[in-house]
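What follows is a set of notes on a single structure, which appears directly below.
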DNA sequence: CTTGCCCACTCGTCTATACGAGTATGCCTG
DNA sequence: CAGGCATACTCGTATAGACGAGTGGGCAAG
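Residue numbers (the numbering used here), protein chains in the order written: chain A, 3 to 264; chain B, 3 to 264.
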């Protein structure tokens, strides 16, 4: 058992009323913050910390679980505990649905990913008619059934976003919108062709911890929240023509809005 | 020891390869989702679950820690583990800095809170000159020192938001902006009086788990992320005149933006 | 009746141990 | 040299026990 380089981590303060596992977590956190452990680097193993601090293994694990909850580290079975690398974030500008972008005919996700030099991917595409949830129904103006378009977005193989678009059947049924691939410019281009000139969008943003299903779909590490965005698109007649429910891995995104100061 | 009402929770599946503590967490989570345990209600105690499932106490605690990480429950020392109540959320509309609101002369936070029937409060006010961080300096256009205005917002005694505004000294020094109370309409009204007619705002939004300091300041329960919002205000000359760095308890907020579809 | 104490119940912290399962490495065998 | 196996290391899961500390109810003393 190689012992820990001395000086890397301090000692415990037995007189402190701060719990031992918190003291250990504090020291590890500080070492990470100071850059003593860099992104992706392996922390000392549980056994090494047990030796260093003279505590039991569960106490060390307790410390690790604190740091995991903060999203600072992640454990890999059989390998060790590592400082969680911060993946490059995708910036979503508020003009990403501007007509001028749509007219170029490419999906925003693909264009932006290519510009950033990463490999975009869309999978688990599902398009079907279904019963509208109470919330979706309220947003679309009391529709009973909707067309749902589900898809998952990946960057360089990593799932980063899961989105579902809901559209009223009287708008979408029998149109290219109901096809798996709606064609150039996406469903917003099709909506405009169908006479629903888009007027404005409303976006609602929440942040919360993911459900187990979301952890699975987005392969989220522990301590990573999700951003939950609900966008409603309104046409020039003031009708809500689409609701898009998006769940994003919070460590992969920065949302950016530009607001007039009128 | 009163035994658990049968039927409330199921049994373990010994053949499953799902860890026991996950199975228990699953059952509790499902019971909460189905409304068998309501908001604020007490879950069975650790001892009761130990009896019911025939497992050790640490296994039960492990289950609870899963649910805590998901933000579903919170433990109170000496009392029990409770379904975390969802506090009423504050909705922030994208026009909350519109000039017409400012002209009414009241702070947005106070007005909105009163409208919602809750008791607003602002504390730990601090106004001082300091060195600009690298990030703030870059956003304000390479200023070295700034005026920082720090304050914490509370609703009905609960801290929900912690914000710092940074302004270039050549704009703010010696003006009412450098006073603890900048007067009616807040610092944006003062900026306009000083000839900096506001043109637009840029807002950047991130979500992440809180640092220990943020947990303390916002009295956050475990499993509650924060929304980190950085707003930059630009005047008509295109100059960045203020950067506002805000950390919000994610369970207290829904951000709402309205975007034109131009 | 009020005060104060005790006790039962709650979760918090910590130890010690055991076995399982994933990973990496090096050696041994073919 | 290549493949496969043994082994040592990693974290994951689970048990059993101990003591501490916060909470609240009931009982007893004043």
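By construction, the Cβ of each residue, glycine as well, lies at the ideal position given by its N, Cα and C atoms. None of the values given here were measured: they were computed from a predicted structure.
query	result
Which complete alpha helix (DSSP H) runs does the region 169-253 of chain A hold, if anything under 4 residues is left out?	171-174, 188-195 and 214-219
Could you list which residues in chain A have their beta carbon closer than 9 Å to that of residue 201 of chain B, in chain order?	262 and 263
Consult DSSP for residue 132 of chain A and reduce its assignment to one of helix, strand or coil.	strand
Check whether chain A comes within 8 Å of residue 36 of chain B, counting only Cβ atoms and requiring the distance to be less than that.	no
Can you find a C-beta in chain B that's less than 8 Å from the C-beta of residue 99 of chain A?	yes
Buried or exposed: where does residue 211 of chain B fall if 16 or more other Cβ atoms within 10 Å of its Cβ makes it buried?	buried
Have a look at residue 1 of chain B and residue 67 of chain A and give me their C-alpha separation to the nearest angstrom.	Because chain B here runs from 3 to 264, residue 1 of chain B falls outside it and cannot be looked at.
For residue 194 of chain B, is the classification buried or exposed, using 16 other Cβ atoms within 10 angstroms of its Cβ as the cut-off for buried?	buried
Under 8 Å, do residue 92 of chain A and residue 254 of chain A count as touching if we go by C-beta distance?	yes
Check the Cβ-Cβ distances between residue 208 of chain A and every residue of chain B, and say whether any is below 8 Å.	yes
Could you name the residues that DSSP lists as bridge partners for residue 255 of chain A?	A/92
Is the CB-CB distance between residue 220 of chain A and residue 248 of chain A below 8 Å?	no
If we count Cβ pairs, one from each stretch, closer than 8 Å, do we get three or more for the region 139-146 of chain B versus the region 164-174 of chain B?	yes
With a threshold of 8 Å between beta-carbons, can residue 184 of chain B be considered close to chain A, or not?	no
With DSSP collapsed to three states, give me the class of residue 4 of chain B.	Because residue 4 of chain B sits at a pLDDT of 47, beneath the cut-off of 50, its placement in the model cannot be relied upon, and the following sentence gives the value as read from the coordinates. In this structure, residue 4 of chain B counts as coil in the three-state DSSP scheme.
Between which two residues does the beta strand (DSSP E) holding residue 76 of chain B run?	75-78
Helix, strand or coil for residue 126 of chain A? Go by DSSP, reduced to three states.	strand
Compare the C-beta of residue 252 of chain B with all C-beta atoms of chain A and state if any pair is closer than 8 Å.	yes
Could you compute how far the alpha carbon of residue 48 of chain A sits from the alpha carbon of residue 62 of chain A?	6 Å
One question on the structure: do residue 261 of chain B and residue 94 of chain B come within less than 8 Å of each other, judged by their Cβ atoms?	no
Starting from residue 129 of chain A, find everything on chain B with Cβ-Cβ shorter than 8 Å and list it in chain order.	Those within 8 Å of residue 129 of chain A in chain B number zero; the least Cβ separation is about 23 Å.
Looking at the C-beta of residue 83 of chain B, does it have a partner C-beta in chain A at a distance below 8 Å?	no
Does the beta-carbon distance from residue 175 of chain B to residue 184 of chain B come in below 8 Å?	no
Please look up how many angstroms separate the CB atoms of residue 228 of chain A and residue 236 of chain A, rounded, as I've assumed it's under 8 Å.	Wrong, their Cβ atoms sit about 26 Å apart, outside the cutoff.
Which same chain residues, not among the five before or five after residue 107 of chain B, have their C-beta less than 6 Å away from its C-beta?	186 and 187
Got a sec: is the Cβ-Cβ distance from residue 14 of chain A to anything in chain B below 8 Å?	no
So, with DSSP's three-state summary, where would you put residue 120 of chain B?	coil
Could you list which residues in chain B have their beta carbon closer than 8 Å to that of residue 256 of chain A, in chain order?	206, 207 and 208
Which ranges does the beta strand (DSSP E) cover as unbroken runs of at least 3 residues, wholly within the region 13-81 of chain B, from first to last along the chain?	75-78
Using DSSP bridges, identify the partner residues of residue 260 of chain A.	B/204
Please return the same chain residues whose Cβ sits closer than 6 Å to the Cβ of residue 3 of chain A, not counting the five positions on each side in sequence.	No answer about residue 3 of chain A holds up, because its pLDDT of 47 lies below 50 and its placement is not dependable.
What three-state label does DSSP hand residue 114 of chain A in the structure shown?	helix
Out of A/196, A/17, A/124 and A/182, which has the shortest C-alpha to C-alpha gap to residue 159 of chain A?	A/124
Span of the beta strand (DSSP E) holding residue 146 of chain B?	Note, residue 146 of chain B: premise wrong, no beta strand (DSSP E); not H, not E.
Can you pull the chain A residues whose beta carbon is under 7 Å from the beta carbon of residue 72 of chain B, in chain order?	211
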